[in-house]
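Undergrad:
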Amino acid sequence: MDLKFLDAAPTAAEVAAVDSVLGQPASGWEGGEHTRDDDRVARLGHAARSRRDELLPALHALQDHIGWITKGGLDYVCRRLSIPPAEAYGVATFYALLSVNERPGRVAHVCDDTACRAGGVETMFDELEGRLGPPGGTKDDGMWLRGPCLGQCEKGSAAFLQIAGEDNAVIAPVTADQVASALGGETVDPANDTG
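So for the sequence shown, this note's numbering puts the first residue at 477; every next one is plus one.
1) Taking a contact to mean a Cβ-Cβ separation below 9 Å, would you say Leu479 touches Cys554 in this structure?
2) Val494 and Tyr552 - do their beta-carbons sit closer together than 9 Å?
3) Can you tell me whether Glu642 is buried or exposed? The criterion is at least 16 other CB atoms within 10 Å of its CB, across all chains shown.
4) What is the rounded straight-line gap between the Cα of Pro533 and the Cα of Glu605?
5) In angstroms, rounded to a whole number, what distance separates the CA positions of Asp602 and Cys592?
6) Taking the alpha carbon of Lys631 as the point to measure from, which residue in Pro610, Gly596 and Ala645 has its own alpha carbon closest?
7) Would you kindly work out how many angstroms separate the C-alpha atoms of Ser575 and Thr569, rounded to a whole number?
8) For Gly623 and Phe636, what's the separation of their Cα atoms in angstroms?
9) What's the gap between the Cα of Gly549 and the Cα of Ala485?
10) So, at 7 Å on beta carbons, what are the nonlocal neighbours of Glu730 in its own chain, with the 5 sequence-adjacent residues on each side left out?
11) By the 10 Å Cβ neighbour count, where 16 or more other Cβ atoms means buried, how is Thr546 classified, buried or exposed?
12) Thinking just about the alpha-carbon of each residue, which of Gln638, Gly499 and Ala562 is nearest to the one in Phe481?
13) Is the separation between the beta-carbon of Cys587 and that of Leu626 shorter than 9 Å?
14) Of the choices Asp617, Ile542 and Pro580, whose alpha-carbon is the least far from that of Thr487?
15) Who does Phe716 pair with in a DSSP beta bridge?
16) Could you say which of Asp665, Ile639, Pro611 and Pro610 lies nearest to Ala648 if we only look at CA atoms?
Dropping the structure here:
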């Protein structure tokens with residue numbers, strides 16, 4: 477299969493993030509340095525296609541290290557795994573916790589699902605809008621968004637914190653003060669389990 481890539485160059489940080497999951501490329505066909513032999517012979521097509529299950533972990537590595545999935549990062553993943561960019565883009569845009577749009581370094585996804593709504597999260601949304609602006613708006617180096625279920629239903633409210641280059645964290649139950657503090661760069665205890 478002849479693949480048409482994006483021809484967008486990844487940054488060194490993006491290459492390092494992807495290579496931390498996929499390992500170092502073995503040839504120019506896998507995103508490594510091109511040799512004269514790479515221009516004559518294509519090898520390992522079947523082996524590359526058998527690694528398609530590594531697409532989501534590679535996209536997560538970009539999201540976690542960079543804060544979003546750039547065209548260059550997506551192109552590098554596609555080259556490494558021999559995946560058409562349209563397919564990888566479809567996967568990256570399907571998941572709410574991945575972004576192909578530039579975001580600030582700190583993002584809080586606050587659960588907007590049924591159990592959290594029943595727990596009164598709408599009041600927290602009103603407070604967050606008053607303090608930080610509407611969901612998706614950027615303040616300093618942070619942004620908050622209404623997000624999908626985070627699997628913390630019994631706690632009444634939850635937020636998933638994505639901080640570029642750092643470990644992600646779930647805070648549950650969560651308050652508007654904690655979200656605002658986390659987005660402001662303060663350390664918030666993710667083990668906020670009160671029951």
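Just so it is clear, CB atoms sit at the ideal spot from N, CA and C, and this is done for glycine as well.
TA: On the basis of the data shown:
1) Reading the sequence shown from its first residue, position 3 is the one you call residue 479. Reading the sequence shown from its first residue, position 78 is the one you call residue 554. Yes; because the gap between Cβ atoms is below 9 Å, this pair is in contact.
2) As a first step, residue 552 is located in the sequence shown; it is residue number 76 there, counting from the start. As a first step, residue 494 is located in the sequence shown; it is residue number 18 there, counting from the start. It is a contact, given that the beta carbons lie within the stated cut-off.
3) Residue mapping note: residue 642 aligns to position 166 of the sequence shown, counting from 1. The residue is exposed, with fewer than 16 neighbouring Cβ atoms inside 10 Å.
4) Counting from 1 along the sequence shown, the entry for residue 533 is found at position 57. Counting from 1 along the sequence shown, the entry for residue 605 is found at position 129. Put simply, the backbone Cα of Pro533 is about 33 Å away from that of Glu605.
5) By 1-based counting over the sequence shown, the position of residue 602 is 126. By 1-based counting over the sequence shown, the position of residue 592 is 116. Taking the straight line joining both Cα atoms gives about 14 Å.
6) Along the sequence shown, one-based indexing puts residue 631 at 155. Closest by alpha carbon: Gly596.
7) Here residue 575 refers to the residue found at position 99 when the sequence shown is read from its first residue. Here residue 569 refers to the residue found at position 93 when the sequence shown is read from its first residue. Taking the Cα positions, Ser575 is about 7 Å away from Thr569.
8) Counting from one through the sequence shown, the residue named residue 623 turns up at place 147. Counting from one through the sequence shown, the residue named residue 636 turns up at place 160. Whole-angstrom Cα-Cα distance: 9 Å.
9) The count along the sequence shown starts at 1 and reaches residue 549 at position 73. The count along the sequence shown starts at 1 and reaches residue 485 at position 9. Computed Cα separation, rounded: 8 Å.
10) Because the chain spans 477 through 671 in this model, residue 730 falls outside it and cannot be assessed.
11) If you number the sequence shown from 1, residue 546 lands on position 70. So Thr546 ends up on the buried side.
12) The count along the sequence shown starts at 1 and reaches residue 481 at position 5. Of Gln638, Gly499 and Ala562, the residue nearest in Cα terms is Ala562.
13) Taking the sequence shown and counting its residues from 1, one reaches residue 587 at position 111. Taking the sequence shown and counting its residues from 1, one reaches residue 626 at position 150. Cβ distance < 9 Å, so Cys587 and Leu626 count as in contact.
14) As a working mapping, residue 487 is identified with position 11 in the sequence shown. Comparing Cα-Cα distances from Thr487 to each of Asp617, Ile542 and Pro580, the minimum goes to Ile542.
15) Since the displayed the chain opens at 477 and closes at 671, residue 716 lies outside it and no answer follows.
16) Here residue 648 is taken as the residue at index 172 of the sequence shown, counted from 1. Minimum Cα distance to Ala648 is reached at Asp665.
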